[in-house]
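Under the UniProt record's numbering, the first residue of the sequence shown is numbered 1, with each subsequent residue one higher.
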Amino acid sequence: MAAPLRIQSDWAQALRKDEGEAWLSCHPPGKPTLYGSLTCQGIGLDGIPEVTASEGFIVNEINKKSIHISCPEENASSKFLAPYTTFSRIHSKSITCLDISSGGGLGVSSSADGSMKIWQASNGELRRVLEGHVFDVNCCRFFPSGLVVLSGGMDAQLKIWSAEDASCVVTFKGHKGGILDTAIVDRGRNVVSGSRDGTARLWDCGRSACLGVIADCGSSINGVAVGAADNSINLGSPEQMPSEREVGTESKMLLLAREDKKLQCLGLQSRQPVFLFVGSDAFNCCTFLSGFLLLAGTQDGNIYQLDVRSPRFSGLSCLIVLIIPGIILKGFQYKSSTGQEHRFCPC
1 MAAPLRIQSD WAQALRKDEG EAWLSCHPPG KPTLYGSLTC QGIGLDGIPE
51 VTASEGFIVN EINKKSIHIS CPEENASSKF LAPYTTFSRI HSKSITCLDI
101 SSGGGLGVSS SADGSMKIWQ ASNGELRRVL EGHVFDVNCC RFFPSGLVVL
151 SGGMDAQLKI WSAEDASCVV TFKGHKGGIL DTAIVDRGRN VVSGSRDGTA
201 RLWDCGRSAC LGVIADCGSS INGVAVGAAD NSINLGSPEQ MPSEREVGTE
251 SKMLLLARED KKLQCLGLQS RQPVFLFVGS DAFNCCTFLS GFLLLAGTQD
301 GNIYQLDVRS PRFSGLSCLI VLIIPGIILK GFQYKSSTGQ EHRFCPC
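Rendered as structure tokens:
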């Protein structure tokens, strides 16, 4: 396995001035970490800095948008991208979650400073401040329309907001612990929430009501995801007739990333188990790649790619385990074959 390289987060800014420096490191598995530095020796006429590296590191290529570094001793290399722009005035503390509207025009984010804000994605201009949660907001996401926001907080409340006037139009109550993640079913008439109380609940947005406890795990649910199931997957049949208020739950899978090192999947409408997979550490986040492939990340830095169709490993085949030493996975994003972007970013 290649040794991962790391670099100072603001390297692009630090290396824009003469004698500016930025640190970098290489983390070979089972060996001491190698540390070095980058130093700007001057700025060329084209505006690109001339950068040298210390301690055996090599700068292979640099331009205004990226820098390519290698560590020959460990046969490792990485290309680091500079941010296109940075919005530093929206929040004052750590960003806990963010999402972008379907049209790409608006962003919504929550922070450890207790705030949740809507801003212009093109320039970071603040548009709305969403106030109403009692404690920290853990998760936020746009509905498919891009005009409505769903949020969950440590106050055990789930809220729906208008992105146009910042009003809270719906509040769901029922959880006994902080809400850590949410998922929207189809166009958004139903939503799912996962909580520290160990339950995943299905909600009716139109009537502000809980349609049922989909799962009671006995362990904190750190992440949830809803995806359409491949026709080859048996989701089981519901023991009771589903409520007429359930819309779009048929042929859907619900994926739960649990604190007790378990990744659980069940039929959203049937409530029947599909699989239970035990990982190396607490699962923090999960998402569907397709109707049978999924990704899940754990506290110890592993990313599992799993195939729901395989009968191996207690009903699940682990295709790939990506090990990222020292990294705590809190979220990730991918683009499906249809071009739709999916992201997961819990707290």
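Where a beta carbon is used, it is the ideal one built from N, C-alpha and C, also for glycine.
Taking all protein chains shown into account, decide if residue i is buried (16 or more other Cβ within 10 angstroms of its Cβ) or exposed.
i      : result
Glu341 : For Glu341, the pLDDT reaches just 47, beneath the cut-off of 50, and the residue's location in the model is therefore unreliable, leaving the point undetermined.
Tyr35  : exposed
Thr85  : exposed
Asn33  : The displayed chain sequence assigns Thr, not Asn, to residue 33. That one is exposed.
Leu295 : buried
Gly30  : exposed
Val308 : buried
Gly206 : exposed
With distances taken between CB atoms, is the gap from residue i to residue j smaller than 7 angstroms?
i      : j      : result
Cys140 : Met116 : yes
Lys159 : Gly132 : yes
Cys97  : Ser110 : yes
Arg258 : Cys217 : yes
Val274 : Lys262 : no
Leu254 : Ile221 : no
Ala3   : Glu55  : no
Ala121 : Gly104 : yes
Ser151 : Val170 : no
Leu79  : His68  : The sequence given here has Lys at residue 79, not Leu. Taking 7 angstroms as the Cβ cut-off, Lys79 and His68 qualify as a contacting pair.
Ala229 : Ser208 : no
Phe142 : Ser101 : yes
Gly212 : Gly236 : no
Could you name the residues of the same chain whose beta carbon sits closer than 6 angstroms to that of residue i, not counting the 5 residues immediately before and after it, in chain order?
i           : result
residue 349 : The question about residue 349 has no answer here: the residues shown for the chain are numbered 1 through 347.
Ser77       : Ser70
Ile43       : Pro49
Gln8        : Ala22, Trp23
Gly297      : Asn284, Cys285, Ile303, Leu329
Going by DSSP, what residue range makes up the alpha helix (DSSP H) through residue i?
i      : result
Ala225 : Looking at the DSSP string, Ala225 is not in any alpha helix (DSSP H); the run it does join, the beta strand (DSSP E), is 221–228.
Output needed for residue i: all residues of its chain with C-beta closer than 7 angstroms, excluding positions within five of it in sequence on either side, in chain order.
i      : result
Gly326 : Confidence is the limiting factor: at Gly326 the pLDDT is only 48, short of 50, which leaves the residue's position unreliable and the question unanswerable from this model.
Glu19  : Thr39, Cys40
Gln299 : Asp281, Ala282, Asn284, Ile328
Pro238 : Gln269, Ser270, Arg271
Arg196 : Gly177, Gly178, Leu180, Ser220
Grab the span of the beta strand (DSSP E) containing residue i for me, first residue to last.
i           : result
Ala12       : No beta strand (DSSP E) contains Ala12, which is instead part of the alpha helix (DSSP H) from 11–14.
Met116      : 116–120
Ala209      : 209–216
Gln41       : 34–43
Lys79       : 76–81
Pro4        : Premise fails: Pro4 is in no beta strand (DSSP E) and is neither H nor E.
Leu180      : 179–185
Glu50       : 49–53
His68       : 66–71
Asn190      : 190–195
Arg309      : Taken as a continuous stretch (DSSP letters only), Arg309 belongs to no beta strand (DSSP E), as it is neither H nor E.
Val59       : 58–62
Glu21       : 21–26
Ile100      : 95–100
residue 357 : This structure cannot settle anything about residue 357, because the visible part of the chain is limited to 1 through 347.
Thr171      : 168–172
Only counting the same chain, and skipping five residues up and downstream in sequence, which positions put a Cβ closer than 8 angstroms to that of residue i?
i      : result
Cys210 : Phe172, Gly174, Arg201, Leu202, Trp203, Asp204
Ala166 : Ile118, Arg128, Val129, Leu130, Glu131
Gly248 : Val185, Asp186, Arg187, Arg189, Asn190
Val224 : Asp181, Thr182, Ala183, Val192, Ser193, Gly194, Ala200, Leu254, Leu255, Leu256, Ala257, Cys286
Lys64  : Gly47, Ile48, Ala82
Closer than 7 angstroms, CB to CB, is residue i near chain D or not?
i      : result
Gly153 : Included in the structure is just one protein chain, with no chain D present.
Does the ligand SAH have a heavy atom nearer than 6 angstroms to the CB of residue i?
i      : result
Arg258 : The model on display carries no ligand, and the ligand SAH is accordingly not part of it.
- Let me know the beta strand (DSSP E) ranges lying completely inside the stretch 250–301, each 3 residues or longer, listed in chain order. Within the stretch 250–301, the complete beta strand (DSSP E) runs of at least 3 residues are 252–258, 262–267, 273–278, 283–288, 293–298.
- Message: In chain order, what are the residue ranges of uninterrupted beta strand (DSSP E) at least 3 long that sit wholly in the stretch 110–163?
- Response: Listed in chain order, the complete beta strand (DSSP E) runs (minimum 3 residues) inside the stretch 110–163 are 116–120, 126–129, 137–142, 148–153, 158–162.
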